[in-house]
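Heads up, this note's numbering is the position in the sequence shown plus 199, with the first residue counted as 1. Here a beta-carbon is modelled for each residue, glycine too, at the ideal position from N, C-alpha and C. Predicted, not measured: the structure shown is a model, and the values here were computed from it. The structure appears right after this line, and notes come after that.
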Amino acid sequence: MALTQGGRANKAGRILEINVEAILNGHNYFQVGNYVSKEIVLNAALLPKRYGKEVYIGTGIYHTDLKVDFYVVGSPAMPSGLIIECKWQESPGSVDEKFPYLNMNIQHYYPAPTIVILGGEGMREGASKWLKARVNDNHNLLAVYSLDRFIAWANKNL
């Protein structure tokens, strides 16, 4: 059975997340769980370098539950942890329309510095540029990277 456009987009997004997870594992981080709360990730002190996937961090600007793709703990440079969000847009769609919502939640509700990893070539012209510019006015948005730039950053910081 052929995948729908949405099914293909979800699969591509999962592949981006799998690559991020491989980078974390390559830097000796261990997964403490999927669909867990940030408290579980923060309190799993027996694993000094750890992460959770789909981590519940509280509520956001719409007072609805917020989950982040990765919550990483154990980098000496980031004692409060690091949040990693992955956004994939292979063909025209709505991911880039969600950037203002993402930016506001990062700025006001995310409990740790955040890196957003963008993949695919289907975002509207100017969308990724707009999000990258938010690094200058959002104290919690550390960077917006492509996967290869994230690898370079991780090699120096994780």
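* Determine the contact status of L407 and G273, defining contact as a CB-CB distance below 8 Å. => A query on residue 407 cannot be resolved here, the shown segment of the chain reaching from 200 to 357 and no further.
* Just how far apart, CA to CA, sit K328 and R348? -> Taking the sequence shown and counting its residues from 1, one reaches residue 328 at position 129. Taking the sequence shown and counting its residues from 1, one reaches residue 348 at position 149. About 15 Å.
* Could you say which of N227, H226, E220 lies nearest to N233 if we only look at CA atoms? => For the purposes of this step, residue 233 is taken as the residue at position 34 of the sequence shown. Here the closest residue by C-alpha is E220.
* Reducing DSSP to helix, strand and coil, say where R323 ends up. => For the purposes of this step, residue 323 is identified with residue 124 of the sequence shown, where counting begins at 1. Three-state result, R323: coil.
* Asked: Can you list, in chain order, the stretches of the beta strand (DSSP E) that have 3 or more residues and sit fully within the segment 270 to 313?
  -> 281 to 287
* **Of the residues S279, H262, W287, Y261, the one placed nearest K268, counting alpha carbons only** => As a first step, residue 268 is located in the sequence shown; it is residue number 69 there, counting from the start. Note that residue 268 corresponds to Asp in the displayed sequence, not to Lys. Looking at the Cα atoms, W287 is the closest of the given residues.
* Asked: At what residues does the alpha helix (DSSP H) containing L346 begin and finish?
  -> Along the sequence shown, read from residue 1 onward, the residue named residue 346 stands at position 147. First-last of the alpha helix (DSSP H) with L346: 346 to 356.
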